[in-house]
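Contents: one structure, followed by commentary.
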Amino acid sequence: MDKLRQKDYFLFASAMYSQPISCSSLVEQATSPFVSFHQRLGCFHSDWHQHEWGQLIYAEKGCIHVNSRTKQILIPSGYGVWIPPDTDHEIRSTSSQTNIRSICFPVADNNGSLRQTISVFPMSTLLREMIRYTNRWNQGPVDEAQATTFLQTVQGLLPEEIDKAVIVYLPSTTHAKLLPITTYIQTHLARPINVQWLASEFGLSVRTLSRLFRQQLGTSFSGYCKIARIMRALELIELGCDNVSQVATDVGYESLATFSNNFLAICGHRPLQFIHSKRLY
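Given below as structure tokens:
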């Protein structure tokens, strides 16, 4: 079995043995005005849920996927994601090494920047240590006034963190003609994907297919493929592939320079720089 097939098998097997987690019950059963959750979960999937509190998640190890009704989002290890209040979402991971840290808390009504959209960003050292600190709240009595002040400080830091947001998400669709096409793209990223061939294969004209991508997904066909390939590259890196040339090939790039430039444009780092930075977390 070649390396790419081994990685695909690993992802499939992980999904088959995924443990269910009820995030909604964690919030509903909370006796304090916040929830602090720190656990090595491995492969898991949550229920679809929403809550009145905002949620900050830190992927300490392993990739975490967050799906909203309009986006499929990837959070690489070392990155954080902010989920605004009242956002319907689910959380999952196919990594056996997943270590997740999360805090949920009320958001001030006048903090509009934290009520807009899901954002993924590289965690600063300060915010990373602050979310780790909240694990203490699970180990004994908590001074709620002190915790509230602490979380207000976190809220004050988040807008600056969100300003560093990266585009590691794909727009979602339920469109009857487009859904099978996006599914095909995501499962054949190692192969060249030609818009002319794909349109013909699914019984559409190139013009119609291009229009569907723009109207339904808000992006071009090539833009969708670029983000899908980089997100897949991030998953492969999380699985331990640290050979940049191999990763580029496995996600369908013939040019290493193009792969590196696209990776930089989306993630803010060159692939090798990203791989090296992971060793610091």
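Each residue of the sequence shown is one higher than the last, beginning at 1 in the UniProt record's numbering.
Glycine included, each C-beta is placed from N, C-alpha and C at the ideal position.
- Query: Are there three or more Cβ pairs, one per stretch, closer than 8 Å when the stretch 35 to 43 is compared with the stretch 79 to 86?
  - Reply: no
- F263 versus D143 - alpha carbon distance: 44 Å
- Query: In terms of residue numbering, what span does the alpha helix (DSSP H) encompassing I227 cover?
  - Reply: 221 to 238
- Going by other Cβ atoms of all chains shown within 10 Å of its Cβ, with 16 needed for buried, is Q55 buried or exposed? buried
- Task: Keeping to the same chain, check which residues put their C-beta closer than 8 Å to that of G268; ignore five residues upstream and five downstream.
- Result: P122, K164, V166
- Task: Spatial neighbours of V244 within its chain, please: CB distance less than 6 Å, with the 5 preceding and 5 following residues excluded, ordered by chain position.
- Result: P271, L272
- Task: Below 8 Å on the Cβ atoms is my guess for R92 versus H45; work out the distance and round it to an integer in Å.
- Result: 4 Å
- Task: Would you be able to state if there are at least three C-beta pairs under 8 Å between the stretch 49 to 66 and the stretch 96 to 116?
- Result: yes
- Task: Figure out for me which residue from I57, W48, D242 has the closest Cα to the Cα of V35.
- Result: I57
- Query: Going by DSSP, what residues sit across from Y58 in a beta bridge?
  - Reply: G80, R101
- Query: Can we say the stretch 252 to 261 touches the stretch 184 to 194, given the rule of at least three CB pairs closer than 8 Å?
  - Reply: yes
- Query: N99: which of E28, N135, G112 sits nearest, CA to CA?
  - Reply: N135
- Query: Thinking C-beta only, is Y224 closer than 8 Å to I185?
  - Reply: yes
- For the alpha helix (DSSP H) containing E247, list its first residue and its last residue. Note on identity: in this sequence residue 247 is Val, with Glu being the wrong assignment. Its alpha helix (DSSP H) spans residues 244 to 250.
- Message: Please classify G203 as buried or exposed, where buried requires at least 16 neighbouring CB atoms within 10 angstroms.
- Response: exposed
- Query: What did DSSP end up calling E144 once you bin it into helix, strand or coil?
  - Reply: helix
- Item | Residue nearest to P20 in terms of C-alpha spacing, selected from D47, E235, I118, H188 | D47
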